[in-house]
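Numbering (this note's numbering), first residue to last: 144 to 429.
No residue lacks a Cβ here, since even glycine has one placed at the ideal position from N, Cα and C.
Keep in mind it's a predicted model, so treat the numbers as computed, not measured.
For reference, the structure is listed below as structure tokens.
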């Protein structure tokens, strides 16, 4: 009698498991296949592609609350992934820098610190100037954008960027000139991902135009103009450069410029822009 009861109970349990297996089949399959859904808020440690979108880590580099006596302050930092054959090969960090103190900064080197979520330093790497970017020097109170690259970045939860100034021992060849006028116009272009059946969308880009003036007492040559746009958080998301290598600009005269700024992220929202210009003194007749 006891054996018959045990067999009945065992059969009932097996039947119940089978019924539950049918009812909860999808949930059981999801469990064993370790199926995951992407949360709305994603925290990543390195630039990561999720569902075809580049998700960036947090970049913690606040502007100093107290200005140092001299040096370069990192006003903002934005990060862009560099991919080679769908693998992350490096990161570009772009932002604004402001010169403090009385010394003129001729050049800089950059160190990027990689930290864990508790703020512990995991690694430090030297960043190099991104190809196509040149730093022309800053005097106290002057600001420009910077663009540096870190190759083969390690895994980390956040980054900190330091710009170490190299001071000029004599007057800089390139002098900061005056932006006489500048304005920005938002334009739109059709963009398609290229995927079959994908609809095109309007993507904003920006046309910055104006004039620069030679505010020096000597003529200038090798005029270079930088213009960059920022989002509501003050992060640089696009920039452009224009050179006037063959022009001699006499003292007090102006030259017109026009730059097209193409956003590095199509979902970035324009809030403001900046323009800076440099030129080299040219003394006629020695």
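In terms of residues, what are the limits of the beta strand (DSSP E) holding residue 402?
-> As a working mapping, residue 402 is identified with position 259 in the chain shown. 397 to 404 is the extent of the beta strand (DSSP E) around residue 402.
Do you know how far the Cα of residue 279 is from the Cα of residue 426?
-> Numbered from 1 along the chain shown, position 283 holds the residue referred to as residue 426. Numbered from 1 along the chain shown, position 136 holds the residue referred to as residue 279. Taking the straight line from one Cα to the other gives about 20 angstroms.
Whose C-beta lies closer than 7 angstroms to the C-beta of residue 412 among residues of the same chain, with five residues either side of it excluded?
-> Along the chain shown, read from residue 1 onward, the residue named residue 412 stands at position 269. So the list reads 374 and 375, once near-sequence residues are dropped.
Give every residue of the same chain whose Cβ lies closer than 8 angstroms to the Cβ of residue 323, excluding the five residues on either side of it in the sequence, and list them in chain order.
-> Here the question's residue 323 lines up with position 180 in the chain shown. Closer than 8 angstroms at the Cβ level, and outside the excluded window around residue 323, lie 353, 354, 355, 356 and 397.
Cβ-based burial, residue 419 [other Cβ within 10 Å; buried from 16] = Taking the first residue of the chain shown as position 1, residue 419 is located at position 276. Buried, because 16 or more other Cβ atoms sit within 10 Å of the Cβ of residue 419.
In the region 296 to 332, which residue ranges form an unbroken beta strand (DSSP E) of at least 3 residues, counting only runs that do not cross its ends?
-> 301 to 310 and 317 to 319
Grouping DSSP H, G and I as helix and E and B as strand, with all else coil, what is residue 228?
-> Here residue 228 is taken as the residue at index 85 of the chain shown, counted from 1. Residue state, collapsed to three classes: coil.
Residue span of the beta strand (DSSP E) that contains residue 349, given as start and end | For the purposes of this step, residue 349 is taken as residue 206 along the chain shown, with counting starting at 1. Element bounds for residue 349: 344 to 356.
Should residue 179 go down as buried or exposed, given a rule of 16 or more other Cβ atoms within 10 Å for buried?
-> Within the chain shown, numbered from 1, the residue matching residue 179 stands at position 36. Residue placement at residue 179 cannot be trusted, given a pLDDT of 40 that sits under 50; the coordinates are not used to answer.
When you compare each of 311, 297 and 404 to residue 383 by their alpha carbons, which one comes out closest?
-> One-based indexing of the chain shown puts residue 383 at position 240. Closest by alpha carbon: 404.
Distance, Cα to Cα, residue 320 vs residue 258?
-> Your numbering for residue 320 matches position 177 in the chain shown. Your numbering for residue 258 matches position 115 in the chain shown. Computed Cα separation, rounded: 39 angstroms.
Sort out for me which residues DSSP pairs residue 282 with in a bridge.
-> Looking up residue 282 in the chain shown gives position 139. None, per the DSSP bridge assignment.
Would you call the CB atoms of residue 318 and residue 422 closer than 8 angstroms?
-> Along the chain shown, read from residue 1 onward, the residue named residue 318 stands at position 175. Along the chain shown, read from residue 1 onward, the residue named residue 422 stands at position 279. Contact flag set, yes.
Just checking, does the region 276 to 292 make contact with the region 386 to 394 on the three C-beta pairs under 8 angstroms criterion?
-> no
Based on Cα-Cα distance, which residue from 316, 248 and 349 lies nearest to residue 364?
-> For the purposes of this step, residue 364 is taken as the residue at position 221 of the chain shown. Looking at the Cα atoms, 316 is the closest of the given residues.
In its own chain, which residues sit with a C-beta less than 6 angstroms from the C-beta of residue 345, not counting the 5 before and 5 after it?
-> For this step, residue 345 is matched to residue 202 along the chain shown. So the qualifying residues of the chain are 331.
Counting Cβ pairs closer than 8 angstroms, one from the region 250 to 257 and one from the region 284 to 304, do we hit at least three?
-> yes
Residue range of the beta strand (DSSP E) that includes residue 258 | Taking the chain shown and counting its residues from 1, the one referred to as residue 258 is at position 115. 248 to 258 is the extent of the beta strand (DSSP E) around residue 258.
DSSP three-state assignment for residue 221, whether helix, strand or coil | Residue mapping note: residue 221 aligns to position 78 of the chain shown, counting from 1. Reduced to three states, the DSSP call for residue 221 is strand.
Out of 313, 271, 311 and 304, point me to the one whose CA is closest to residue 264's CA.
-> Against the chain shown, residue 264 aligns to sequence position 121. Per the Cα distances, 304.
Should residue 165 go down as buried or exposed, given a rule of 16 or more other Cβ atoms within 10 Å for buried?
-> Along the chain shown, one-based indexing puts residue 165 at 22. With a pLDDT of only 41 at residue 165, under 50, the local geometry of the prediction cannot be trusted, and the value read off the model is given with reservation. Looking at its Cβ environment, which holds fewer than 16 other Cβ atoms inside 10 Å, residue 165 is exposed.
Give a yes or no on whether the C-beta atoms belonging to residue 250 and residue 309 are separated by under 8 angstroms.
-> Position 107 of the chain shown, counted from the start, is the residue given in the question as residue 250. Position 166 of the chain shown, counted from the start, is the residue given in the question as residue 309. Yes, Cβ-Cβ distance for residue 250 and residue 309 is below 8 angstroms.
Under the assumption that residue 328 contacts residue 350 (Cβ atoms under 8 angstroms), give the Cβ distance between them as a whole number of angstroms.
-> On the chain shown, position 185 is the one that residue 328 refers to. On the chain shown, position 207 is the one that residue 350 refers to. Rounded, the Cβ-Cβ distance is 5 angstroms, consistent with contact.
Sort out for me which residues DSSP pairs residue 373 with in a bridge.
-> Numbered from 1 along the chain shown, position 230 holds the residue referred to as residue 373. Residue 373 pairs with 379 and 415.
Backbone CA spacing between residue 269 and residue 306 [nearest angstrom] | On the chain shown, residue 269 is found 126 positions in, with the first residue counted as 1. On the chain shown, residue 306 is found 163 positions in, with the first residue counted as 1. Taking the straight line from one Cα to the other gives about 10 angstroms.
What is the C-beta distance between residue 219 and residue 226, in whole angstroms, given that I count them as a contact (C-beta under 8 angstroms)?
-> Position 76 of the chain shown, counted from the start, is the residue given in the question as residue 219. Position 83 of the chain shown, counted from the start, is the residue given in the question as residue 226. With 8 angstroms as the limit, residue 219 and residue 226 do not qualify as a contact, their Cβ atoms being about 23 angstroms apart.
Residues bridged to residue 386 by DSSP?
-> Reading the chain shown from its first residue, position 243 is the one you call residue 386. DSSP output for residue 386 lists 367 as bridge partner(s).
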